[in-house]
Amino acid sequence: MTDTQTIEIEVLRYDPEKDSEPHFQTFKVPFTHDTSVLQGLQYIKDYLDGSLTFRWSCRMAICGSCGKMVNGKPELSCHTFLRDYYPGKVRIEPLNHFPVVRDLVIDQTDFFEKKLPSIKPYVVPKETKPLSAGTYVQSPEQFQQYYKYSQCINCLLCYAACPQYGLKTEFTGPAALALLHRYNADSRDRGWDERSEVLNAEEGVWGCTLVGYCSEVCPKDVDPARAINQNKVNSTMDYFGVRKLLMPKGGD
Amino acid sequence: MARVKTYVRPMQGWWRKNPFFVRYMIREASSVFLAIYAVILLVGLLRLSQGEAAYDAWRDALTSPVSILFHWLALLTVGYHAYTWWMVSPKTAPDLYIAGRPIPELLIAGGGLLGTIGASILVYAIVRWM
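Quick look at the structure:
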């Protein structure tokens, strides 16, 4: 399959120094069977308009840098192929719900500097053991409790899929709350109390109305909607002070 | 926050831009019909406590064309609500495992849905023939 065809790509353009609001610009881009949407953008930058600005890095769906709205759906642009949109057009916009810095680049500060640090994304042990005490032992069953939620690559597609975050950016949001659960569900972790203020808050799990689109668009099948909504039960038990009584091993 | 000028896109009409969100909004709106239906039933209970004449008047009111139209609409929307409710139910369940494997979401949703259909048929049969 080396036949080259041409597809129209509509890209959102925004230059903060010149534009008061964004507009769309259309480019005709040649593609073959294996041309990704990201490669389409790279073609534009290399051959048609060098000023087009967008983030990318690994090209293999693991770095989480190249998320864009592709025809209105949050996608990793390296993981999405132009052939699937032909003969229609492809409309590429920056990820929804984030401020646009320039063209397809969003301001990620809210997630990386506020939301993510707030959930303490690291194992909080019961007590610090000396190295001589050896490693923490974990069974495959214990590992399975959090493995799915640890697959998050911080690509922010789930935030672009979440209307609650778009309407109210105070909401801690899908990825941060899924990672909160990832650490709480880890048998080595004893950080529930330290994270409970974020989890129990109106902006925590209760800010979610179970639209469920976050889990639909997640490229790593993390299932943030499930991480959040099963914790509404934990949060309720915590509120009534019975979580430690009802959970196995005292809810630790 | 970034020290450069940024553009924040408006959220107006957000739910009309994606069929997934349209279905979500219908799911949420369908609960209004459920609430009205519950109120009608509660009024019936109240009328029952007020004696036979009051209860018969309430039953008569239910046979009006407006009432019948509403009940058909309510049946339709509540049916949709029940379907969507079970479809999202796996998201609210803790992670459960059978023999070390996660229980498939379809089993949780399908089980609930079948249970609802079964219970509805049972209730209908009891009301109709007993």
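Line by line, the protein sequences give chains A and B.
Per our numbering, the first sequence starts with residue 17, numbered consecutively.
Per our numbering, the second sequence starts with residue 11, numbered consecutively.
C-beta: ideal position from N, C-alpha, C; glycine also.
| Check | Outcome |
| --- | --- |
| Please name the residue in A:Val140, A:Cys234 and A:Asp119 whose C-alpha comes closest to that of Ser67 (chain A). | A:Asp119 |
| Quick one, which residues of the stretch 101-123 of chain A are near chain D if we go by CB-CB under 9 Å, in chain order? | No chain D is part of this structure, whose protein chains are labelled A and B. |
| How should Gly257 (chain A) be labelled, buried or exposed, when 16 other C-beta atoms within 10 angstroms of its C-beta is the threshold for buried? | exposed |
| Which value, in whole angstroms, describes the spacing of the CA atoms of Leu64 (chain A) and Phe40 (chain A)? | 15 Å |
| Comparing alpha-carbon positions, which option in A:Asp254, A:Ala201, A:Glu157 and A:Leu92 lies nearest Pro280 (chain A)? | Lying outside 17 to 268, the shown extent of chain A, residue 280 (chain A) is not represented and no answer is given. |
| So with CB distances below 9 Å, who are the chain A contacts of Ala39 (chain B)? | Ordered by position in chain A, no residue passes the 9 Å Cβ test against Ala39 (chain B), which lies about 13 Å from the chain. |
| With DSSP run on the structure shown, which of helix, strand or coil describes Ser52 (chain A)? | strand |
| Using a C-beta to C-beta distance shorter than 7 Å, which residues of chain A count as neighbours of Tyr17 (chain B)? | Tyr30, Glu37, Pro38, Pro115 and Val116 |
| Taking a Cβ distance cut-off of 9 Å, strictly less, list which residues of the stretch 72-105 of chain B are near chain A, in chain order. | Met97, Val98, Pro100, Lys101, Thr102, Ala103, Pro104 and Asp105 |
| Please compile the residues from chain B whose C-beta is within a distance smaller than 9 Å of the C-beta of Gln229 (chain A). | The displayed chain sequence assigns Tyr, not Gln, to residue 229 (chain A). Per Cβ cutoff of 9 Å: Asn28, Phe30, Phe31 and Tyr34. |
| Cutting at 8 Å between CB atoms, please list the residues of its own chain near Asp35 (chain A), excluding the five before and the five after it. | Arg29 |
| Can you give me the Cβ contacts of Ala12 (chain B) inside the same chain, cut-off strictly under 8 Å, excluding the 5 residues immediately before and after it? | Per-residue confidence for Ala12 (chain B) stands at a pLDDT of 49, beneath the threshold of 50, marking its modelled position as unreliable; no derived number is given. |
| Mind checking which residues open and close the beta strand (DSSP E) that includes Val116 (chain A)? | Val116 to Arg118 |
| Which class does Lys130 (chain A) belong to by DSSP, given the choice of helix, strand or coil? | helix |
| Near Gly207 (chain A), which residues of its chain fall below 8 Å by C-beta distance, leaving aside the five closest residues on each side in sequence? | Lys136, Val139, Val140, Tyr199 and Asn200 |
| Give me the DSSP bridge partner(s) of Phe47 (chain A). | A:Gln21 |
| Leaving out the 5 sequence neighbours to the left and right, which residues in its chain are closer than 7 Å to Leu215 (chain A) when beta-carbon positions are compared? | Leu196, Val221, Asn247 and Ser251 |
| So what's Tyr102 (chain A) in DSSP terms, helix, strand or just coil? | coil |
| Between which residues of its own chain and Ala243 (chain A) is the CB-CB distance below 7 Å, once the five residues before and five after are set aside? | Tyr165, Leu193, Ala194 and His197 |
| I need the straight-line Cα distance from Glu129 (chain A) to Asp123 (chain A), nearest angstrom please. | 11 Å |
| Going by beta carbon distance, what residues of the same chain come within less than 6 Å of Trp72 (chain A), once the five residues before and after it are set aside? | Leu54, Ser81 and Cys82 |
| Is Met21 (chain B) close to chain A, meaning its C-beta is less than 7 Å from at least one C-beta of that chain? | yes |
| Ends of the alpha helix (DSSP H) at Pro156 (chain A)? | Pro156 to Tyr163 |
| Counting only beta-carbon separations shorter than 7 Å, does Leu68 (chain A) have a partner in chain B? | no |
| Kindly list the residues whose CB is nearer than 6 Å to the CB of Thr99 (chain A), restricted to its own chain and excluding five residues on each side of it in sequence; keep chain order. | The question names Thr, yet the displayed sequence has Arg at residue 99 (chain A). The answer, listed in chain order, is His49. |
| Give me the residue from A:Pro46, A:Pro115 and A:Ala177 with the minimum Cα distance to Gly88 (chain A). | A:Ala177 |
| Do you know how far the Cα of Cys234 (chain A) is from the Cα of Met140 (chain B)? | 51 Å |
| For Val13 (chain A) and Ser231 (chain A), I'd like the C-alpha separation in whole angstroms. | In the structure displayed, chain A extends from 17 to 268; residue 13 (chain A) sits before or after that span and is not available. |
| Using three-state DSSP, classify His39 (chain A) as helix, strand or coil. | strand |
| Flag Val137 (chain B) as yes if its beta-carbon sits less than 7 Å from any beta-carbon of chain A, otherwise no. | no |
| So, with DSSP's three-state summary, where would you put Val140 (chain A)? | coil |
| Does the beta carbon of Trp68 (chain B) sit closer than 7 Å to a beta carbon anywhere in chain A? | no |
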